[in-house]
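Read through the structure below, which is laid out as structure tokens, and then see the notes.
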Amino acid sequence: MTMDNARLILASGSPRRRNFLEMLGLPHRVQPADIEEKRGVDEGPADFARRAAREKAAFVARHETLPVLAADTVVALDGDTLGKPTNRQQAATMLRRLSGREHEVHTGVALALEERCECLVDTSRVCFITLDEAVISWYLDTDEPMDKAGAYAVQGVGGILVSSVIGSPQTVVGLPIHRLPSLFSSLGLNLWEMLG
Numbered sequence: 001m002t003m004d005n006a007r008l009i010l011a012s013g014s015p016r017r018r019n020f021l022e023m024l025g026l027p028h029r030v031q032p033a034d035i036e037e038k039r040g041v042d043e044g045p046a047d048f049a050r051r052a053a054r055e056k057a058a059f060v061a062r063h064e065t066l067p068v069l070a071a072d073t074v075v076a077l078d079g080d081t082l083g084k085p086t087n088r089q090q091a092a093t094m095l096r097r098l099s100g101r102e103h104e105v106h107t108g109v110a111l112a113l114e115e116r117c118e119c120l121v122d123t124s125r126v127c128f129i130t131l132d133e134a135v136i137s138w139y140l141d142t143d144e145p146m147d148k149a150g151a152y153a154v155q156g157v158g159g160i161l162v163s164s165v166i167g168s169p170q171t172v173v174g175l176p177i178h179r180l181p182s183l184f185s186s187l188g189l190n191l192w193e194m195l196g
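For the record, in the sequence shown the residue sitting at position 98 is 98 according to the working numbering, with numbers rising by one throughout.
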């Protein structure tokens, strides 16, 4: 939904995040932040998600008068972050690690307006069923894992691999929409008045 009457800029190219804003009826335009996302040496996964979201929002907000919303989602297992796989082998390795285990998904969200920026992190826990090599191969053949953090999409075919989500499913998808009203309020904005 790229609109002339946009009330918000989404600093993300994620189609899932766009879909959330469209579902809410929030007029926006998309302007992805062109910055490198790299976790610091001693930076925890949740802190990384928060910082990456803040940097994206601040980067785009430098030249904008509208509020800028940015997010970053990190899949964490055993202290490691599982990013987006670049090939089938990486995706298979991630899925083997997640098999039969619980992991965390941290989504950092930042809202920037002029010189101000407010951030939050929402965390959900996801449990996978046990995956054998045939299931992993089947899922890889769908091509769904290739642009997803952790090599799966809970909202897609990958939902069949997930036995439970503790917390918000929207956090796992990439935008904890239940946290947006208070985030907007922290910058003096009324989200409800911006919808529709």
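Using N, Cα and C, we set each Cβ at its ideal position, and we do this for glycine too. Computed from a prediction, not measured in an experiment: that's the story for all the values here.
Looking only at DSSP bridge pairs, what is residue i linked to?
i	result
S124	V105
L69	L10 and L111
L82	V75
R116	L113
I166	R125
For my contact list, residue i and residue j are in at a C-beta cut-off of 8 Å; report their separation, rounded to the angstrom.
i	j	result
R18	L10	6 Å
V165	S99	Contact doesn't hold; Cβ gap of about 16 Å is too wide.
V121	T107	7 Å
Y218	L161	This structure leaves residue 218 out entirely; the chain is present only between 1 and 196.
L66	L8	6 Å
L187	R116	6 Å
Which residues in the same chain have their Cβ closer than 6 Å to the Cβ of residue i, if we skip the five residues on either side of it in sequence?
i	result
Q155	V173
G196	G25
E102	R125 and C127
I177	F20 and Q170
N5	P27
R88	L140
L191	L180, P181 and F184
T142	V157
A61	V68 and A112
Leaving out the 5 sequence neighbours to the left and right, which residues in its chain are closer than 7 Å to residue i when beta-carbon positions are compared?
i	result
M94	L82, P85, G150 and A151
P32	A11, S12 and G13
R179	V109, L120 and D122
T130	S99 and G100
L183	V109, L111, E118 and L120
A52	E37, D72 and G108
S168	D122, S124, P176 and H178
Please classify residue i as buried or exposed, where buried requires at least 16 other C-beta atoms within 10 Å of its C-beta.
i	result
A134	exposed
K199	A query on residue 199 cannot be resolved here, the shown segment of the chain reaching from 1 to 196 and no further.
G25	exposed
R54	buried
T171	buried
M3	Any reading at M3 must be qualified, since the residue scores a pLDDT of 48, below 50, and its modelled position is unreliable; the value itself is stated next. Flag for M3 reads exposed.
P181	exposed
V68	buried
V105	buried
V41	exposed
So, for residue i: in the same chain, excluding its five sequence neighbours on each side, which residues have a beta-carbon less than 8 Å away from its beta-carbon?
i	result
P145	P85, A91, M94, L95, Y139, A151, Y152, A153 and G158
S163	C127, F128 and I129
Evaluate contact between the segment 72–80 and the segment 43–60, counting only Cβ atoms and requiring at least three cross-stretch pairs below 8 Å. yes
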